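Take the working numbering: the final residue in the sequence shown is number 485, and no numbers are missing along the way. Below you'll find the structure, written out as C-alpha coordinates, and then a few comments.
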Amino acid sequence: MQAERGIRDPVGECRPRCPHCHHPQALDLDGTTKSTKTKNTRRVDLSARLCAALDGAQLAREAEALASGREANALVFPSVFGTPLDIDNVAKIFKRLLVRTGLPKFSLYSLRHSWASHALAAGAPITLVSHNLGHATPAITLSTYSHFLPADSHGFADRLEQWRVAVAPGVYSAR
(Lines of atoms letter the chains of each structure in order from A; the text may use other names.)
(Lines give C-alpha, C1' and ligand atoms only; values in the text may rest on other atoms or scores of the structure.)
Protein backbone atom coordinates (compact mmCIF):
# COMPACT_ATOMS: atom_id res chain seq x y z
CA MET A 311 0.00 0.00 0.00
CA GLN A 312 1.06 3.53 -0.60
CA ALA A 313 0.65 6.23 2.00
CA GLU A 314 -0.14 8.91 -0.53
CA ARG A 315 -3.33 10.64 -1.47
CA GLY A 316 -5.33 8.58 -3.85
CA ILE A 317 -8.33 6.42 -4.48
CA ARG A 318 -9.29 3.47 -2.29
CA ASP A 319 -10.63 0.42 -4.00
CA PRO A 320 -12.94 -2.11 -2.33
CA VAL A 321 -10.07 -4.17 -0.93
CA GLY A 322 -8.23 -1.21 0.51
CA GLU A 323 -5.44 -0.58 -1.96
CA CYS A 324 -4.51 3.08 -2.04
CA ARG A 325 -3.48 4.27 -5.46
CA PRO A 326 -2.64 7.64 -6.95
CA ARG A 327 -5.42 9.14 -9.01
CA CYS A 328 -5.62 7.46 -12.40
CA PRO A 329 -8.33 8.05 -15.00
CA HIS A 330 -8.12 4.39 -16.03
CA CYS A 331 -8.78 2.93 -12.57
CA HIS A 332 -12.50 2.35 -12.22
CA HIS A 333 -14.55 0.02 -10.11
CA PRO A 334 -17.93 -0.52 -11.78
CA GLN A 335 -19.27 -2.28 -8.73
CA ALA A 336 -19.37 -1.29 -5.10
CA LEU A 337 -18.46 -3.63 -2.27
CA ASP A 338 -21.49 -3.90 -0.04
CA LEU A 339 -21.12 -4.31 3.72
CA ASP A 340 -22.00 -7.99 3.44
CA GLY A 341 -18.97 -8.51 1.16
CA THR A 342 -20.92 -8.92 -2.04
CA THR A 343 -20.48 -6.64 -4.98
CA LYS A 344 -23.40 -4.73 -6.35
CA SER A 345 -23.96 -2.19 -9.06
CA THR A 346 -24.61 1.37 -8.04
CA LYS A 347 -28.15 2.66 -8.53
CA THR A 348 -27.00 4.78 -11.45
CA LYS A 349 -24.88 1.94 -12.91
CA ASN A 350 -21.93 4.35 -12.92
CA THR A 351 -18.59 4.03 -11.24
CA ARG A 352 -17.89 6.19 -8.24
CA ARG A 353 -14.44 7.30 -7.20
CA VAL A 354 -14.10 9.22 -3.98
CA ASP A 355 -11.12 11.39 -3.16
CA LEU A 356 -9.62 10.80 0.27
CA SER A 357 -7.53 13.29 2.19
CA ALA A 358 -3.86 12.46 2.70
CA ARG A 359 -4.54 12.18 6.44
CA LEU A 360 -7.35 9.65 6.00
CA CYS A 361 -5.34 7.65 3.48
CA ALA A 362 -2.42 7.52 5.91
CA ALA A 363 -4.70 6.43 8.77
CA LEU A 364 -6.23 3.65 6.68
CA ASP A 365 -2.77 2.55 5.53
CA GLY A 366 -1.59 2.47 9.15
CA ALA A 367 -4.57 0.40 10.24
CA GLN A 368 -4.06 -2.04 7.38
CA LEU A 369 -0.33 -2.35 8.10
CA ALA A 370 -1.09 -3.04 11.78
CA ARG A 371 -3.57 -5.80 10.82
CA GLU A 372 -1.05 -7.27 8.38
CA ALA A 373 1.71 -7.26 11.03
CA GLU A 374 -0.65 -8.88 13.55
CA ALA A 375 -1.60 -11.57 11.03
CA LEU A 376 2.05 -12.24 10.18
CA ALA A 377 2.99 -12.49 13.87
CA SER A 378 0.19 -14.99 14.52
CA GLY A 379 0.96 -17.05 11.41
CA ARG A 380 -2.27 -16.38 9.55
CA GLU A 381 -3.02 -14.69 6.26
CA ALA A 382 -3.80 -10.97 6.28
CA ASN A 383 -7.37 -9.95 5.59
CA ALA A 384 -7.86 -7.82 2.46
CA LEU A 385 -10.95 -6.07 3.88
CA VAL A 386 -10.44 -2.48 4.95
CA PHE A 387 -12.85 -2.90 7.90
CA PRO A 388 -13.25 -6.59 8.74
CA SER A 389 -15.33 -7.86 11.64
CA VAL A 390 -13.55 -9.45 14.61
CA PHE A 391 -14.03 -12.76 12.78
CA GLY A 392 -12.38 -11.44 9.61
CA THR A 393 -15.66 -11.34 7.71
CA PRO A 394 -17.39 -8.33 6.14
CA LEU A 395 -19.12 -6.06 8.63
CA ASP A 396 -22.82 -6.46 9.30
CA ILE A 397 -24.67 -3.14 8.92
CA ASP A 398 -26.79 -3.76 12.03
CA ASN A 399 -23.69 -4.31 14.16
CA VAL A 400 -22.04 -1.20 12.72
CA ALA A 401 -25.16 0.83 13.60
CA LYS A 402 -25.12 -0.51 17.18
CA ILE A 403 -21.44 0.37 17.60
CA PHE A 404 -22.10 3.83 16.17
CA LYS A 405 -24.95 4.39 18.66
CA ARG A 406 -22.70 3.33 21.55
CA LEU A 407 -20.02 5.76 20.38
CA LEU A 408 -22.55 8.59 20.30
CA VAL A 409 -23.58 7.84 23.89
CA ARG A 410 -19.97 7.52 25.05
CA THR A 411 -18.97 10.85 23.47
CA GLY A 412 -22.11 12.67 24.61
CA LEU A 413 -23.18 13.50 21.07
CA PRO A 414 -26.89 13.71 20.22
CA LYS A 415 -28.54 10.69 18.63
CA PHE A 416 -28.53 10.58 14.85
CA SER A 417 -28.31 7.86 12.25
CA LEU A 418 -25.15 6.68 10.62
CA TYR A 419 -26.74 7.63 7.28
CA SER A 420 -26.94 11.22 8.52
CA LEU A 421 -23.18 11.46 8.10
CA ARG A 422 -23.74 11.34 4.33
CA HIS A 423 -26.00 14.39 4.52
CA SER A 424 -23.61 16.11 6.89
CA TRP A 425 -20.71 15.63 4.46
CA ALA A 426 -22.75 16.98 1.54
CA SER A 427 -23.94 19.99 3.54
CA HIS A 428 -20.47 20.89 4.78
CA ALA A 429 -18.90 20.37 1.34
CA LEU A 430 -21.41 22.70 -0.31
CA ALA A 431 -21.14 25.30 2.44
CA ALA A 432 -17.35 25.23 1.94
CA GLY A 433 -17.82 25.97 -1.77
CA ALA A 434 -17.46 22.51 -3.33
CA PRO A 435 -18.93 22.38 -6.84
CA ILE A 436 -22.40 20.84 -6.99
CA THR A 437 -21.10 18.40 -9.61
CA LEU A 438 -18.43 17.07 -7.23
CA VAL A 439 -20.91 16.60 -4.39
CA SER A 440 -23.41 14.97 -6.74
CA HIS A 441 -20.77 12.55 -8.04
CA ASN A 442 -19.55 11.60 -4.56
CA LEU A 443 -23.11 10.97 -3.40
CA GLY A 444 -23.77 8.87 -6.49
CA HIS A 445 -26.70 10.94 -7.65
CA ALA A 446 -27.79 10.38 -11.25
CA THR A 447 -27.68 14.11 -11.97
CA PRO A 448 -26.57 17.28 -10.17
CA ALA A 449 -30.23 18.36 -10.30
CA ILE A 450 -31.06 15.76 -7.64
CA THR A 451 -28.29 17.10 -5.40
CA LEU A 452 -29.35 20.69 -6.05
CA SER A 453 -32.98 20.01 -5.17
CA THR A 454 -31.95 18.32 -1.92
CA TYR A 455 -29.12 20.59 -0.77
CA SER A 456 -29.71 23.99 -2.41
CA HIS A 457 -30.36 25.61 0.97
CA PHE A 458 -26.70 24.99 1.86
CA LEU A 459 -25.42 26.97 -1.12
CA PRO A 460 -24.35 30.54 -0.39
CA ALA A 461 -27.32 32.82 -1.08
CA ASP A 462 -25.75 36.12 -0.07
CA SER A 463 -25.50 38.14 -3.27
CA HIS A 464 -24.12 41.23 -1.51
CA GLY A 465 -21.28 42.53 -3.63
CA PHE A 466 -21.77 39.98 -6.40
CA ALA A 467 -22.36 42.63 -9.08
CA ASP A 468 -19.10 44.34 -8.13
CA ARG A 469 -17.17 41.04 -8.19
CA LEU A 470 -18.66 40.24 -11.59
CA GLU A 471 -17.62 43.67 -12.87
CA GLN A 472 -14.07 43.17 -11.53
CA TRP A 473 -13.89 39.86 -13.37
CA ARG A 474 -15.20 41.43 -16.59
CA VAL A 475 -12.66 44.25 -16.42
CA ALA A 476 -9.83 41.76 -15.82
CA VAL A 477 -10.91 39.60 -18.76
CA ALA A 478 -11.75 42.39 -21.21
CA PRO A 479 -10.21 45.68 -20.08
CA GLY A 480 -11.42 48.72 -21.94
CA VAL A 481 -14.56 47.07 -23.27
CA TYR A 482 -17.73 48.88 -22.25
CA SER A 483 -15.83 51.30 -20.04
CA ALA A 484 -17.88 53.67 -17.96
CA ARG A 485 -17.72 57.22 -19.32
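Ideal Cβ positions, reconstructed from N, Cα and C, are used throughout, including at glycine. Everything numeric in this text was worked out from a predicted model, so none of it was measured.
* **Classification of Gln472 by the beta-carbon crowding that lies within 10 angstroms, buried from 16 upward** => Counting Cβ neighbours within 10 Å, Gln472 comes out exposed, since fewer than 16 surround it.
* Give me the Cα-Cα distance between Pro479 and Leu470, rounded to the nearest whole angstrom. => Cα atoms of Pro479 and Leu470: separation of roughly 13 Å, rounded to the nearest angstrom.
* May I have the straight-line CA-CA distance separating His445 from Ala373, to the nearest angstrom? => So the two alpha carbons sit approximately 39 Å from each other.
* To do: Just tell me which of Gln368, Thr447, Tyr455 and Leu421 has its CA closest to the CA of Lys546.
  => Residue 546 falls outside the range modelled here, since the chain spans only 311 to 485, and no answer is possible.
* Asked: Run through DSSP, which three-state label would Asp365 get?
  -> Note: Asp365 maps to helix in three-state DSSP.
* **Start-to-end residues for the alpha helix (DSSP H) that takes in His441** => For His441, the enclosing alpha helix (DSSP H) stretches over residues Ile436 to Leu443.
* To do: Return the chain-ordered ranges of every alpha helix (DSSP H) run that is complete within the segment 388 to 464 and spans a minimum of 4 residues.
  => Taken in chain order, the complete alpha helix (DSSP H) segments of 4 or more residues contained in the segment 388 to 464 are 397 to 411, 420 to 431, 436 to 443 and 448 to 455.
* Is Leu443 near Arg474, with beta carbons less than 8 Å apart? -> No, they are not a contact pair.
* **Backbone CA spacing between Ala367 and Lys402 [nearest angstrom]** => Cα-Cα distance, rounded: 22 Å.
* **Any 3 or more C-beta pairs closer than 8 Å across the segment 427 to 438 and the segment 393 to 408** => No, because fewer than three Cβ pairs between the segment 427 to 438 and the segment 393 to 408 fall closer than 8 Å, the two stretches do not touch.
* Applying the criterion that 16 or more other CB atoms from any shown protein chain within 10 Å of the CB defines a buried residue, is Thr451 buried or exposed? -> Result: buried.
* Collapsed DSSP secondary structure at Arg371 in the structure displayed -> In the structure shown, Arg371 sits in a helix (DSSP, three-state: H, G or I).
* Hey, out of Ala375, Thr454 and Leu408, whose CA is closest to Gly392's CA? -> Looking at Ala375, Thr454 and Leu408, the one whose alpha-carbon comes closest to that of Gly392 is Ala375.
* DSSP three-state call for Ala384: helix, strand or coil? -> Looking at Ala384 - three-state DSSP - the assignment turns out to be coil, as it is neither helix nor strand.
* Length of the line joining the Cα atoms of Ala370 and Gly379 -> Approximately 14 Å, taken between the alpha carbons.
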